[in-house]
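> Using this note's numbering, read the sequence shown as starting at 53 and increasing by one per residue. Glycine included, each C-beta is placed from N, C-alpha and C at the ideal position. If you're wondering where the values come from, they're calculated on a predicted model, not measured in any experiment.
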Amino acid sequence: MKIRNIADRRFRKFGTVIKGIDVSSLVDWAKTVPVTDQVEYVPSVPEAEALEASRKIRRLVYGGMPVEVGYCAGRNRKADTLEYHRSEEVNIAASDLIVVVGSRADMDSAGSFDLARAEAYFVPEGTVYLFYSSTLHYAPCSVKADGFCSVVILPEGTNTELPERRTDRFATEEDCMLSMKNKWVLTHPLSGEAYYPGLKGDIIEIGEEAEYDF
Numbered sequence: 053m054k055i056r057n058i059a060d061r062r063f064r065k066f067g068t069v070i071k072g073i074d075v076s077s078l079v080d081w082a083k084t085v086p087v088t089d090q091v092e093y094v095p096s097v098p099e100a101e102a103l104e105a106s107r108k109i110r111r112l113v114y115g116g117m118p119v120e121v122g123y124c125a126g127r128n129r130k131a132d133t134l135e136y137h138r139s140e141e142v143n144i145a146a147s148d149l150i151v152v153v154g155s156r157a158d159m160d161s162a163g164s165f166d167l168a169r170a171e172a173y174f175v176p177e178g179t180v181y182l183f184y185s186s187t188l189h190y191a192p193c194s195v196k197a198d199g200f201c202s203v204v205i206l207p208e209g210t211n212t213e214l215p216e217r218r219t220d221r222f223a224t225e226e227d228c229m230l231s232m233k234n235k236w237v238l239t240h241p242l243s244g245e246a247y248y249p250g251l252k253g254d255i256i257e258i259g260e261e262a263e264y265d266f
């Protein structure tokens, strides 16, 4: 699949690039996060939440609402799982990375999404970008062999454990997608993940020889 730059106008249906906020302290902090072969996501890190850059994003982007600041890091080359929230998500690329995204508007009536409709965008290190609540997304893909790291900022409590999940016979498709607080997940049947198998088509893999369209 072709990989566009996040500055491309096409990205505007999925989110927006945020400018004018100095996030260097958050990027410096994120560079201390260990990057392993496995993708690790931590929703809340008090050290990061105490930084001035986090306070500015909480005020300017979330209007003063309580937020959590964490990270997603690791080595990853494929997109076989996507998620969405009922809120917008701010990310800060602490390394070059690639995001694979889709639109909830392209999901069918059974709650499925065809990965052929997904798009990929290159995000340069230091970029602050926001996903709309209508955007399907998940862990970024690596650009370099040493992996990726991204700061993730969401309303407080997102991606934390649910008291219970509804799985009875009257549960809707979306009930089955809800895996954690404010986190609805679709996965490919071949992914091996225990989420709602709502992704169709070929699993997306971003190789080292990926084609960049910019």
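Mind checking who I205 pairs with in its DSSP beta bridge?
BP columns for I205 point to V121 and V142.
> Classify G244: buried if its beta carbon has 16 or more other beta carbons within 10 angstroms, exposed otherwise.
Exposed, by the Cβ-count rule.
> Can you give me the start and stop residues for the beta strand (DSSP E) that V180 sits inside?
Residues V180 to F183.
> Report, in whole angstroms, the separation of the C-beta atoms of Y184 and E120, which I expect to be a contact under 8 Å.
Between E120 and Y184 the Cβ distance is about 19 Å, and since that is not below 8 Å, they are no contact.
> Looking at the secondary structure, which residues open and close the alpha helix (DSSP H) in which L112 lies?
Here the alpha helix (DSSP H) through L112 covers E104 to L112.
> So, using beta-carbon positions, are A157 and L134 closer together than 9 Å?
Going by C-beta atoms, A157 is not nearer than 9 Å to L134.
> Can you round the beta-carbon distance between A131 and S202 to whole angstroms, since I take them to be within the 8 Å contact cut?
Rounded, the Cβ-Cβ distance is 15 Å, inconsistent with contact.
> Give the C-beta separation of G250 and G163 to the nearest angstrom, bearing in mind that I take them to be a contact with Cβ-Cβ under 8 Å.
Rounded, the Cβ-Cβ distance is 5 Å, consistent with contact.
> By Cβ distance below 6 Å, which residues in the same chain neighbour S57 in space, the five residues on each side in sequence not counted?
First, the residue type needs correcting, since residue 57 is Asn and not Ser in the sequence shown. The answer, listed in chain order, is F174 and F266.
> Kindly identify the DSSP beta-bridge partner or partners of R56.
The partner list for R56 (beta bridge, DSSP) reads Y173.
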